[in-house]
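The structure appears right after this line, and notes come after that.
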Amino acid sequence: MPSLTVENYLKAIYQLSDEGVGRVSPGVLARELRVTPGTVTTMVKQMAAKGYLDYISRRGVELTDEGRGLARSVLRRHRITESFLVDILGMKDHEVHEEAEVLEHVLSERVLDCMDRLLGHPTHDPHGTPIPPA
Ligand SMILES: [Zn+2]
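In the numbering used here, the protein residues as written are -5 to 128.
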């Protein structure tokens, strides 16, 4: 299972590209993740070695099919969590994003499936954003 940092990189690249299609420059990624360009370069080289993305110096990064699938799974966990916190636990829309940023990295597929079932398999999160299918 990818680390929290890897999951956050995958999610950022997915959201900065056209849902995982197309290249993202390391500079843009560094600004989004609030880290130095050197940190991004080190990390994306490691992620390329693991097969999550394709990295070409100066042209940037593009997710592989595997990386795209993992990014979608993180976003699915994030958005189902937000739905759960609002619809089941009664939290306010504006309160749930920061909570979901943490919980998205620790929920097992089993727990997520139970949350999804209890929610009635929602297609959108409380902010109206589509939830990627399983
Ligand atoms: Zn959110």
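From the three backbone atoms N, C-alpha and C, an ideal C-beta is built for every residue, glycine too.
Not a single heavy atom of ligand 1 lies less than 8 Å from the C-beta of E56. E98 sits in coil when the DSSP states are folded into three classes, being neither helix nor strand.
Separation of the CB atoms of P31 and G54 is rounded to 11 Å, and the pair is thereby denied contact status at 8 Å.
Look at D110 here: in three-state DSSP terms it is helix. The Cβ atoms of L27 and Y3 sit closer than 9 Å to each other.
In the displayed model, D119 falls within coil according to three-state DSSP, outside both helix and strand.
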